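Here is the structure we will look at.
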Amino acid sequence: MIFRDPGTLLQHISTARLGWLGVIFLSLMLSATLACGSSSTDGSDASKTAEASALSESSGAIKVVTTVSPITSIVENIGGTKIILDGVVPEGVNSHTFAPAPSVARSIAEADLIVLNGLRLEEPTLEMARANKKQEAVILSLGDQAISKDDWRFDFTFPEANGQPNPHLWPDPMLALRYAELVQQQLAEMDPSNADYYAANLEIFRQRIDELDQGIATAVATIPQVNRKLLTYHDSWAYFALRYGMDVIGAVQPSNFSQPSVKEVAELIDQLNELKLPAVFGSEVFPSDVLETVAKESGAAFVDDLRDDDLPGGPGDPRHSYLGLMLENMEFMIPALGGTVDALADFDPSLVFSGTSTANYPQ
Ligand SMILES: [Zn+2]
């Protein structure tokens, strides 16, 4: 746990509390059993890939493979209609442990550019990319280039001892903009004839990010100071919190993406009772009976709608974008902590270019 104050330990738990712990322990066992039954999903979409491939051959457009959907969306916003874009990590899967199906290798073998978050988020996909890419194809690892090692964040889910920093840079919109700039530079270098197009898309994206950034800052300022604290299940808000002066008091998910231990849960209940937070936050992708039970015990609302890499709606919906992802996260997070998102009421999360892209978002 990354709590600054480790709180009361297990030995201080009252007898009444043990009843709850029993419930929590059972739900831990149940969740573990369910997790064992799940399998990885094939990220390919054969017909769409074939269509994209034919288009690429006829138009000479750059073929880009991306991993998680927020990155696919950022690349889509910059590349627009001028690139052939194929995301490989399906939305709603655990991207931290995702292993691509062998069929993804075909997509990688045809790509000119492979864009990843990096910071060790997508190791199996990176390995597959290195083994299968064309010799001249470029691997662009955004997170590794966007910040220096001095700015890496380590915490409970991503402890320094494991050497893997928290990879969730993109919930900080300014870092997402940095990603977009890196993508624009790379595309312009590989496809100079469309450099002006990529630069124009980046400029509109930059304006949207500025609006989003100012809107979030204004919205966070409406949260009572004492409530500007995040206790989440999945650990994706480290860089966001730093940007907007919020305090991540804890992220519960252990580094192996299992459930927290009974002892850790007991500490959590004590922390929550002390802090009297109005809400704690679960994740769309990682349901947590444990955090829900903990929330109930402490009287906090349990908001399990936050997402870091599962875009709202489906492909074609205006909110199915990085900008829509952040807007919707704010709509869930800010009011739950006692603030308002009025500052974002007119924010436009749709794609910055006109026309239809070929982007493939496996579901
Ligand atoms: Zn994540």
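Residue numbering for the sequence shown is 739 to 1101, as defined by my numbering.
Where a beta carbon is used, it is the ideal one built from N, C-alpha and C, also for glycine.
Please read all numbers here as calculations on a predicted model, not as lab measurements.
My guess is that H972 and D1046 are in contact by the Cβ rule of under 8 Å, so how many angstroms apart are they, rounded? What you label residue 972 is simply residue 234 of the sequence shown in a count that begins at 1. What you label residue 1046 is simply residue 308 of the sequence shown in a count that begins at 1. Cβ-Cβ separation between H972 and D1046: approximately 7 Å, consistent with a contact (criterion under 8 Å).
Check each residue's C-beta against every heavy atom of ligand 1 and list, in chain order, those closer than 7 Å. With the criterion CB distance below 7 Å from any heavy atom of ligand 1, the matching residues run S833, H834, H906, H972, S974, D1046, D1047 along the chain.
Which full runs of the beta strand (DSSP E) of 3+ residues lie inside the segment 849-936, going along the chain? If we require 3 residues or more, the beta strand (DSSP E) runs fully inside the segment 849-936 come out as 851-854, 876-879.
Round the Cβ separation of A1074 and A1017 to the nearest angstrom and send it over; I've been treating them as touching at under 8 Å. Counting from 1 along the sequence shown, the entry for residue 1074 is found at position 336. Counting from 1 along the sequence shown, the entry for residue 1017 is found at position 279. The C-beta separation of A1074 from A1017 comes to about 4 Å, placing the pair in contact by the 8 Å criterion.
Assuming F1070 and L1044 form a contact by the criterion Cβ under 8 Å, report the distance between their Cβ atoms to the nearest whole angstrom. For the purposes of this step, residue 1070 is identified with residue 332 of the sequence shown, where counting begins at 1. For the purposes of this step, residue 1044 is identified with residue 306 of the sequence shown, where counting begins at 1. Contact flag correct, Cβ pair sits at about 6 Å.
Where the alpha helix (DSSP H) through D1048 begins and ends: Position 310 of the sequence shown, counted from the first residue, corresponds to residue 1048. From DSSP, D1048 is part of no alpha helix (DSSP H); its letter is neither H nor E.
CB contact flag (L857, I877, <8 Å): Position 119 of the sequence shown, counted from the first residue, corresponds to residue 857. Position 139 of the sequence shown, counted from the first residue, corresponds to residue 877. By the CB criterion at 8 Å, L857 and I877 fall outside the cutoff.
Looking at L1089: is its Cβ nearer than 8 Å to the Cβ of S1059? Along the sequence shown, read from residue 1 onward, the residue named residue 1089 stands at position 351. Along the sequence shown, read from residue 1 onward, the residue named residue 1059 stands at position 321. Going by C-beta atoms, L1089 is nearer than 8 Å to S1059.
First and last residue of the uninterrupted beta strand (DSSP E) at V802: For the purposes of this step, residue 802 is taken as the residue at position 64 of the sequence shown. V802 -> beta strand (DSSP E) spans 800-804.
Those runs of the beta strand (DSSP E) which lie wholly inside the segment 935-974 and span at least 3 residues: 967-970, all fully within the segment 935-974.
One question on the structure: do G1054 and T819 come within less than 8 Å of each other, judged by their Cβ atoms? For the purposes of this step, residue 1054 is taken as the residue at position 316 of the sequence shown. For the purposes of this step, residue 819 is taken as the residue at position 81 of the sequence shown. In terms of Cβ geometry, G1054 and T819 do not form a close pair [threshold 8 Å].
Using the three-state DSSP reduction, which class does F836 fall into: helix, strand or coil? Taking the first residue of the sequence shown as 1, we reach residue 836 at position 98. Coil.
Using the three-state DSSP reduction, which class does V1000 fall into: helix, strand or coil? By 1-based counting over the sequence shown, the position of residue 1000 is 262. The three-state secondary structure of V1000, taken from DSSP, is helix.
Which term fits N900, buried or exposed, when burial requires 16 or more other beta carbons within 10 angstroms of its beta carbon? As a first step, residue 900 is located in the sequence shown; it is residue number 162 there, counting from the start. N900 comes out exposed.
Please confirm if the segment 897-916 is in contact with the segment 997-1010, defined as three or more CB-CB distances below 8 Å between the two stretches. In short, these stretches do not touch, since the Cβ pair count stays below three.
If I follow the unbroken beta strand (DSSP E) through S1021, where does it start and stop? Looking up residue 1021 in the sequence shown gives position 283. S1021: member of the beta strand (DSSP E) spanning 1017-1021, first to last residue.
Local conformation of A1083 per DSSP, three classes: For the purposes of this step, residue 1083 is identified with residue 345 of the sequence shown, where counting begins at 1. Coil, per DSSP.
Return the CA-CA distance between Q924 and Y935, expressed in angstroms with no decimal places. On the sequence shown, position 186 is the one that residue 924 refers to. On the sequence shown, position 197 is the one that residue 935 refers to. As the crow flies, the alpha-carbon of Q924 is around 13 Å from that of Y935.
Cross-strand partners of D985 (DSSP beta bridge): To locate residue 985, count along the sequence shown from 1; it is residue 247. Residue pairing by DSSP places D985 opposite K967 in a beta bridge.
Which two residues bound the contiguous alpha helix (DSSP H) that contains L823? Residue numbering aside, residue 823 sits at position 85 when the sequence shown is read from its first letter. No alpha helix (DSSP H) holds L823; the beta strand (DSSP E) holding it covers 821-825.
Option nearest I852 by Cα separation, candidates R868, L859, L1063: The count along the sequence shown starts at 1 and reaches residue 852 at position 114. Closest by alpha carbon: R868.
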